[in-house]
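Take the sequence shown: its position 201, counted from the start at 1, is 201 in UniProt numbering, and no numbers get skipped. Ideal Cβ positions, reconstructed from N, Cα and C, are used throughout, including at glycine.
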Amino acid sequence: MVRLLNGSRSASPYSLLRLTGMAGALAVSGCDYWPPALQAQIEELETDNARLLERQTEIQQRLTDTRRDNESLKSEAEDLARRNQQLAARLQQAEQGLRARAAAPSQKQPAVMTAKVRPTGRAVRSRRPAAGAPTRGKEVRRQIRLTWPNMTGPDVKRLQRLLRRRGLPVIADAIYGRDTRAAVMWYQRQHGLAEDGVVGPKTWTSLTK
Numbered sequence: 001m002v003r004l005l006n007g008s009r010s011a012s013p014y015s016l017l018r019l020t021g022m023a024g025a026l027a028v029s030g031c032d033y034w035p036p037a038l039q040a041q042i043e044e045l046e047t048d049n050a051r052l053l054e055r056q057t058e059i060q061q062r063l064t065d066t067r068r069d070n071e072s073l074k075s076e077a078e079d080l081a082r083r084n085q086q087l088a089a090r091l092q093q094a095e096q097g098l099r100a101r102a103a104a105p106s107q108k109q110p111a112v113m114t115a116k117v118r119p120t121g122r123a124v125r126s127r128r129p130a131a132g133a134p135t136r137g138k139e140v141r142r143q144i145r146l147t148w149p150n151m152t153g154p155d156v157k158r159l160q161r162l163l164r165r166r167g168l169p170v171i172a173d174a175i176y177g178r179d180t181r182a183a184v185m186w187y188q189r190q191h192g193l194a195e196d197g198v199v200g201p202k203t204w205t206s207l208t209k
């Protein structure tokens with residue numbers, strides 16, 4: 001039996017279980033003799049069992065931590081998806097608003113240059129004669145009624161030509177429309193004049209220099 005115990009270190013787990021059973025039988029029979037080989041095998045088994053239990057506990061803890069991390073990652077992913085949806089909705093609303101604003105001016109004011117000034121309809125006297133106009137001595141005084149909207153006449157056409165000489169994209173159609181008025185206001189603003197859209201003496205003098 002001692003030889004069997006001495007060779008049990010290389011035995012299979014089944015053989016080790018048999019040795020454990022034999023040790024139990026000896027304890028039940030009242031024998032107080034424990035062969036050193038058997039005692040060493042038992043201690044080794046107990047040590048291996050403790051290591052296995054420790055390893056099992058470690059694996060279970062890692063599994064628990066992994067499940068917790070997975071739940072946390074899942075919650076973060078859901079939160080990110082929800083925030084992405086909200087941002088996408090806000091971006092879509094912003095794009096729609098920009099498109100609406102971009103389309104609004106083209107529907108209401110198709111002019112190249114626009115401004116919000118009420119037309120006064122005041123009469124304007126010019127001290128310089130128009131091209132080809134009859135003269136009375138050295139100075140000609142005449143009224144130029146450049147009111148808005150849609151006033152027509154040779155005075156308007158000359159005004160448009162003067163604006164074109166200044167590089168403004170105005171059509172010389174002899175109609176004092178929205179484009180012409182906007183060009184006049186732009187010119188007034190650039191030359192430090194009253195930006196009222198009315199061609200007064202100062203504006204006319206500045207244009208005809």
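Cα separation between E46 and Q60?
Reading the sequence shown from its first residue, position 46 is the one you call residue 46. Reading the sequence shown from its first residue, position 60 is the one you call residue 60. Roughly 21 Å between the two C-alpha positions.
What residue range is occupied by the uninterrupted alpha helix (DSSP H) comprising V184?
Here residue 184 refers to the residue found at position 184 of the sequence shown. Run containing V184: R178 to Q190, per the alpha helix (DSSP H) assignment.
Within a Cβ cutoff of 8 Å, which residues of the same chain sit near Q56, ignoring the five residues on either side of it in sequence?
Position 56 of the sequence shown, counted from the start, is the residue given in the question as residue 56. Nothing meets the Cβ criterion.
Burial state of residue 211, where buried means 16 or more other Cβ atoms lie within 10 Å
Within the shown structure, residues of the chain are numbered from 1 to 209, placing residue 211 beyond reach of any answer.
Have a look at K202 and R99 and give me their C-alpha separation to the nearest angstrom.
As a position in the sequence shown, residue 202 is number 202, starting the count at 1. As a position in the sequence shown, residue 99 is number 99, starting the count at 1. Each residue's Cα considered, the two are about 41 Å apart.
Taking the alpha-carbon positions, what's the V156 to I175 distance?
In the sequence shown, the residue the question calls residue 156 occupies position 156. In the sequence shown, the residue the question calls residue 175 occupies position 175. Their Cα atoms are separated by approximately 6 Å.
Using only the alpha-carbon positions, how far apart do T205 and G197 sit?
Your numbering for residue 205 matches position 205 in the sequence shown. Your numbering for residue 197 matches position 197 in the sequence shown. Taking the straight line joining both Cα atoms gives about 15 Å.
Tell me which residues share the same chain as N49 and place their Cβ nearer than 8 Å to its Cβ, disregarding the 5 neighbours each side in the sequence.
Along the sequence shown, one-based indexing puts residue 49 at 49. Cβ neighbours of N49 beyond the five flanking positions: none.
When the Cα atoms are used, what is the spatial distance from P35 to L63?
What you label residue 35 is simply residue 35 of the sequence shown in a count that begins at 1. What you label residue 63 is simply residue 63 of the sequence shown in a count that begins at 1. Roughly 42 Å between the two C-alpha positions.
Using a 10 Å radius around the Cβ and a threshold of 16 neighbouring Cβ atoms, would you call D179 buried or exposed?
Against the sequence shown, residue 179 aligns to sequence position 179. Flag for D179 reads buried.
Start and end residues, alpha helix (DSSP H) containing P169
Position 169 of the sequence shown, counted from the start, is the residue given in the question as residue 169. P169 -> no alpha helix (DSSP H), and no H or E assigned at all.
Distance, R68 Cα to G97 Cα
Indexing the sequence shown from 1 puts residue 97 at position 97. Indexing the sequence shown from 1 puts residue 68 at position 68. Going from the Cα of G97 to the Cα of R68 covers about 44 Å.
Could you tell me how far apart the beta carbons of A183 and V170 are, in whole angstroms, since I believe they sit closer than 8 Å?
Along the sequence shown, read from residue 1 onward, the residue named residue 183 stands at position 183. Along the sequence shown, read from residue 1 onward, the residue named residue 170 stands at position 170. 5 Å between Cβ atoms; contact.
What are the partner residues of I59, as DSSP defines its beta bridges?
Numbered from 1 along the sequence shown, position 59 holds the residue referred to as residue 59. Paired residue(s): none; I59 is not in a bridge.
With distances taken Cα to Cα, identify the nearest neighbour of G153 among D173, N70 and E54.
Translated into positions along the sequence shown, residue 153 becomes position 153. Selected option, being the one with the closest Cα: D173.
Is it the case that the CB of E43 approaches a heavy atom of the ligand FAD more closely than 6 Å?
Only the bare structure without any ligand can be found here, which leaves the ligand FAD out of the picture.
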